[in-house]
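J.:
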Amino acid sequence: MTIFRSVIGVQLLLTKGDRVLLARRRNTEFGDGEWNAPGGRLDAGEDVLTAVIREAEEEIGVRVEREHVRMVASMHIQSPPGQALLVFIFQADTWSGEPWNREPERCSELRWFDVDDIPDDTILSTRAGLDMFRKNEHFGLYGWPEHAALR
13 MTIFRSVIGV QLLLTKGDRV LLARRRNTEF GDGEWNAPGG RLDAGEDVLT
63 AVIREAEEEI GVRVEREHVR MVASMHIQSP PGQALLVFIF QADTWSGEPW
113 NREPERCSEL RWFDVDDIPD DTILSTRAGL DMFRKNEHFG LYGWPEHAAL
163 R
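Structure (structure tokens):
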């Protein structure tokens, strides 16, 4: 029996009222030119909450305290077939500092969008995370042959 392993990632839905902050990717070799929520993969020995707080500071220069972060959803994505990613989606509407692009070599811009009107060129994991957040759904599957694809 082969053990199937999944990479673990985190996303932060930084919200201000009905708006969410997204970043346009560049020079990352994945999804360049597309919008995504700040986030990334866990560092060795790191828990998901610590990871999302670290990613917020590294990518958009804001400090989010543990008590102001809540997990709103998770998803298990298979893309491409044979490779899987578990994503934990967190939301925060309280933080310190003003969001700014701390990784200009990997991000061309930051912009606030209405959560009900995100751009068509948004990465699927971010689109799915926002969709679950808006619908108050807490778990989703994407890319598995036995489940319907995200629309």
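Using the numbering used here, you'd call the opening residue of the sequence shown number 13 and step up by one each time. For each residue, glycine too, the CB sits at the ideal point set by N, CA and C.
Please name the residue or residues paired with W47 in a DSSP beta bridge.
T.: The residue you call residue 47 lines up with position 35 of the sequence shown. According to DSSP, W47 bridges with R36, T134.
J.: Buried or exposed, going by whether 16 or more other CB atoms sit within 10 Å of the CB of N48?
T.: Counting from 1 along the sequence shown, the entry for residue 48 is found at position 36. It is buried - the Cβ of N48 has at least 16 other Cβ atoms within 10 Å.
J.: Can at least three beta-carbon pairs, one atom from the region 126-134 and one from the region 58-69, be found at a separation below 8 Å?
T.: No, they do not touch.
J.: Are at least three pairs of beta-carbons, each pair with one atom in the region 44-60 and one in the region 143-154, less than 8 Å apart?
T.: The region 44-60, when compared against the region 143-154, does not touch it at the 8 Å Cβ threshold.
J.: Can you tell me the Cβ-Cβ gap for R82 and F102, rounded? I've got them flagged as a contact below 8 Å.
T.: Position 70 of the sequence shown holds residue 82. Position 90 of the sequence shown holds residue 102. Confirmed, Cβ separation roughly 7 Å.
J.: Exposed or buried, what is V22 when buried is set at 16 or more other beta-carbons lying within 10 Å of its beta-carbon?
T.: Your numbering for residue 22 matches position 10 in the sequence shown. With 16 or more Cβ atoms within 10 Å of its Cβ, V22 is classed as buried.
J.: What is the rounded straight-line gap between the Cα of T40 and the Cα of R118?
T.: In the sequence shown, counting from the first residue as 1, residue 40 sits at position 28. In the sequence shown, counting from the first residue as 1, residue 118 sits at position 106. Going from the Cα of T40 to the Cα of R118 covers about 6 Å.
J.: Hey, would you say L33 sits closer than 8 Å to A104, going by beta carbons?
T.: To locate residue 33, count along the sequence shown from 1; it is residue 21. To locate residue 104, count along the sequence shown from 1; it is residue 92. Result no, Cβ atoms of L33 and A104 do not sit closer than 8 Å.
J.: Between the beta-carbon of R75 and the beta-carbon of W107, is there less than 8 Å?
T.: What you label residue 75 is simply residue 63 of the sequence shown in a count that begins at 1. What you label residue 107 is simply residue 95 of the sequence shown in a count that begins at 1. Yes, the Cβ-Cβ distance between R75 and W107 is below 8 Å.
J.: Which one of H80, V19, L122 has the shortest CA to CA distance from D55?
T.: For the purposes of this step, residue 55 is taken as the residue at position 43 of the sequence shown. Ranking H80, V19, L122 by Cα distance to D55 puts V19 first.
J.: Taking the straight line between their C-alpha atoms, what separation do you get for N113 and I15?
T.: To locate residue 113, count along the sequence shown from 1; it is residue 101. To locate residue 15, count along the sequence shown from 1; it is residue 3. Going from the Cα of N113 to the Cα of I15 covers about 39 Å.
J.: Report yes if the CB atom of V169 is closer than 8 Å to the CB atom of F42, and no otherwise.
T.: Past the boundaries of the shown model lies residue 169; the chain is included only from 13 to 163, so the question cannot be answered.
J.: If you reduce the DSSP assignment to three classes, tell me which class V60 lands in.
T.: Taking the first residue of the sequence shown as position 1, residue 60 is located at position 48. V60 falls in the helix class under three-state DSSP.
J.: Work out the CA separation of G73 and T138 for me, nearest whole Å.
T.: Position 126 of the sequence shown, counting from 1, holds the residue named residue 138. Position 61 of the sequence shown, counting from 1, holds the residue named residue 73. Their Cα atoms are separated by approximately 20 Å.
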